[in-house]
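Single-structure report; data block below.
Numbering (the working numbering), first residue to last: 1019 to 1172.
Take a look at the structure:
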């Protein structure tokens, strides 16, 4: 029967290997997974913000149509949440930001159709971002579990 014994050198090497492995796991979480998660969540939040703006615009268009407004006064954001009063002499057409700094003139019905289609498209993209975030969170959890297992098997 052969007997194996670990010397102090072997113990230190094993601890060093464990520390190195844990360090690599930690680095993977903090330098790869968490930044990726933040990027995906920030992207999704931007999409949700855009959807919210479209829904506000849709509600305003609906009010114009329901009240059969031909002209109106409103407050408009000129940047950084700074609002000024504006007079709209003709509500037949509306300019809608379609992205990339472009504004297109639509009738109210065209604008509603554009908004509905765009919100549907953005919802799908937001759902994909949520699924990506869930996968990244699962990878973080698995990596943390692997770290815990390494610590348990010391």
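All C-beta atoms in this analysis are idealised placements derived from N, C-alpha and C, irrespective of residue type, glycine included.
Close-in-space but distant-in-sequence residues of the same chain around residue i (CB under 6 Å, 5 per side omitted)
i, result
"residue 1108", "none"
"residue 1147", "1058, 1061 and 1062"
"residue 1123", "1111 and 1113"
"residue 961", "Outside the displayed span of the chain (1019 to 1172) sits residue 961, for which this structure offers no information."
Residues near residue i by beta carbon distance below 7 Å, same chain, minus five either side
i, result
"residue 1164", "1043"
"residue 1171", "none"
"residue 1127", "none"
"residue 1095", "1101"
"residue 1130", "1076 and 1079"
"residue 1040", "1165 and 1168"
"residue 1074", "none"
Closest residue to residue i among the options (Cα-Cα distance)
i, options, result
"residue 1114", "1140, 1125 and 1098", "1125"
"residue 1045", "1158, 1169 and 1059", "1158"
"residue 1112", "1088, 1099, 1097 and 1118", "1088"
"residue 1161", "1033, 1052, 1079 and 1074", "1052"
"residue 1156", "1055, 1080 and 1084", "1055"
"residue 1090", "1119, 1034 and 1081", "1081"
"residue 1154", "1070, 1084 and 1050", "1050"
C-beta neighbour in chain B for residue i, strict 8 Å
i, result
"residue 1146", "Looking at the structure shown, chain B is missing, and only one protein chain is on hand."
Contact set for residue i: own chain, Cβ-Cβ below 8 Å, skip 5 residues either direction
i, result
"residue 1072", "1133, 1136, 1137 and 1140"
"residue 1093", "1101, 1102, 1103 and 1104"
"residue 1027", "Its pLDDT being 49, under 50, residue 1027 is placed unreliably by the model, and the measurement read from it follows with that caveat. Correct list: empty, nothing qualifies."
"residue 1047", "1158, 1161 and 1162"
Any alpha helix (DSSP H) of 4 or more consecutive residues that is wholly inside the segment 1093-1172: The segment 1093-1172 is shown to contain whole alpha helix (DSSP H) runs of 4 or more residues at 1126-1170, in chain order.
Which ranges does the alpha helix (DSSP H) cover as unbroken runs of at least 4 residues, wholly within the segment 1024-1086, from first to last along the chain? 1026-1046 and 1052-1084
At least 3 beta-carbon pairs within less than 8 Å: the segment 1091-1105 vs the segment 1056-1075: no
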